[in-house]
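*Asks:* Residue 5 is where the sequence shown starts when you use the working numbering, and the numbers rise one by one after that.
Take a look at the following structure, please.
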Amino acid sequence: MLGAIVGDIVGSVYEWHNIKTKEFPLFRDDCFFTDDTVMTCAVAEAIMNGGERDDFIDAMKKYGRMYPDAGYGGRFGAWINSDNREPYNSYGNGSAMRVSPCAWMMDCGFCARTGMWPSNGRERAKTSAEVTHDHPEGIKGAMATADAIFMCRYYFGGYYGDYEQPINDDPAECKRRIKEHIENEYGYDLSKTLDEIRPTYRFNETCQDTVPQAIIAFLESTDFEDAIRNAISLGGDSDTLAAITGSIAEAAYSIPDWIKDKAYSYLDEPLKDVLRRWKKFIPKG
């Protein structure tokens, strides 16, 4: 979850001023949190409150109204401030940038014992998208992101795979399996390299043109910071792209303490409180 917030804060200053390089100061004085951070915290709050449809709606509206100037899309902003509780067929990338808490509720131990995907987190991921982003592409983007996070937790965490041998000491194999699953399950093309994407990639707020690029930014990374730099270097919707990449990279690499501490310094007390409660709430497996 914090990985998404780090990506959002780092990318905040580049969303409307894209850069096409990995060489930039990771944190600037003028960085700030945006709607990506606010809604990620809202999803965490919803899960802590029960994780049902109404919990997601209530939390998103609550935090959206607490932070009215966080930079929401037009239709989402209107939904937050209305009495409407129905979705509006969005396929925007907001469903993917906020989904990471759902993936941390998925039980790695259950998967290791049974060879089956834990359904609880995937259902929550689907529900967290559907309350607003009920277009098939909006749901797909959230679920692909959640799957990538869970698979990073599972493989990089040293759980036993199909042949009862841990593969966390082979990052290339971990990433190959993640890439294969996402392509087969969701139909995203993850074959392009960042160098091939970067020259022509432009601002895009859809899941279908943000989530694959964010996953590729992770697949080409060597550590958490490198993943964030990869995402920012593509340009586009920088804060959201880096939030999605960061949420996946956290599960694979964890976040260096100095980056955690710096990210916290940009948050206010209500958002820090969500993170503190979430840390106590999430299962350890």
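Cβ atoms here follow ideal geometry from the backbone N, Cα and C, with glycine treated the same way.
Quantities reported herein were computed from a predicted structural model and do not represent experimental measurements.
#1: Give the range of the alpha helix (DSSP H) segment to which W20 is assigned.
#2: Mind pulling the alpha helix (DSSP H) runs of 4 or more residues that sit fully within the segment 223-276?
#3: Counting only runs of 4+ residues fully inside the segment 89-123, write out the alpha helix (DSSP H) ranges in chain order.
#4: Can you find the residues in the same chain that come closer than 6 Å, C-beta to C-beta, to I23, ignoring five residues on each side of it along the sequence?
#5: Quick one: what's T210 bridged to in DSSP?
#6: CB F207 to CB D241, shorter than 8 Å?
#7: What residue from T25, A50, K144 and C35 has the CA that sits closest to R281's CA?
#8: May I have the straight-line CA-CA distance separating D40 from Y76, to the nearest angstrom?
#9: Under 8 Å between the Cβ atoms of S251 and T131?
#10: The alpha helix (DSSP H) spanning A150 covers which residue range?
#11: Roughly how many whole angstroms lie between the Cα atoms of A48 and K196?
#12: Specify, as a first and last residue, the run of the alpha helix (DSSP H) that V10 falls within.
#13: Hey, could you find the ends of the alpha helix (DSSP H) R57 is sitting in?
#14: Would you check if the distance between the CB atom of P260 and the CB atom of F222 is smaller than 8 Å?
#15: Classify I13: buried if its beta carbon has 16 or more other beta carbons within 10 angstroms, exposed otherwise.
#16: Tell me the DSSP secondary structure of F285 in three-state form.
#17: Please report how far the alpha carbon of G96 lies from the alpha carbon of M64, in whole angstroms.
#18: Between A256 and D174, what straight-line distance do the alpha-carbon atoms span, to the nearest angstrom?
#19: Are the CB atoms of N85 and R69 nearer to each other than 8 Å?
#20: For V278, collect the residues of the same chain with a Cβ closer than 8 Å to its Cβ; drop the 5 residues on either side in sequence, then sort them by chain order.
#21: Would you kindly work out how many angstroms separate the C-alpha atoms of A231 and I61, rounded to a whole number?
#22: Keeping to the same chain, check which residues put their C-beta closer than 6 Å to that of Y71; ignore five residues upstream and five downstream.
#23: Can Y192 and I201 be called in contact, C-beta distance under 8 Å?
*Replies:* According to the structure data:
#1: Run containing W20: none; DSSP gives neither H nor E here.
#2: Listed in chain order, they are 228-237, 242-257 and 261-268.
#3: If we require 4 residues or more, the alpha helix (DSSP H) runs fully inside the segment 89-123 come out as 98-101, 104-107 and 112-118.
#4: No residues qualify anywhere along the chain.
#5: T210 is bridged to G96.
#6: Cβ atoms of F207 and D241: closer than 8 Å.
#7: Ranking T25, A50, K144 and C35 by Cα distance to R281 puts A50 first.
#8: Distance between the alpha carbons of D40 and Y76: 9 Å.
#9: Their beta carbons are not under 8 Å apart, which means S251 does not touch T131 by this criterion.
#10: From DSSP, the alpha helix (DSSP H) with A150 extends over P140 to F160.
#11: Near 33 Å, if we compare the C-alpha coordinates of K196 and A48.
#12: Where V10 is concerned, the enclosing alpha helix (DSSP H) stretches over L6 to G15.
#13: R57 -> alpha helix (DSSP H) spans R57 to M70.
#14: It is not a contact, given that the beta carbons lie outside the stated cut-off.
#15: With 16 or more other Cβ atoms from the protein chains shown falling within 10 Å of its own Cβ, I13 counts as buried.
#16: Of the three classes helix, strand and coil, the one that applies to F285 here is helix, per DSSP.
#17: Rounded to the nearest whole angstrom, the C-alpha separation of G96 and M64 is 16 Å.
#18: Approximately 12 Å between the Cα atoms of the pair.
#19: Contact: yes.
#20: Excluding residues up to 5 positions away in sequence, C45, A48 and E49 lie with their Cβ nearer than 8 Å to the Cβ of V278 in the same chain.
#21: Counting only the Cα atoms, I61 lies some 31 Å from A231.
#22: In the same chain as Y71, and ignoring 5 residues on each side of it, the C-beta atoms closer than 6 Å to its own belong to V42, in chain order.
#23: With respect to I201, Y192 sits apart: the two C-beta atoms are not nearer than 8 Å.
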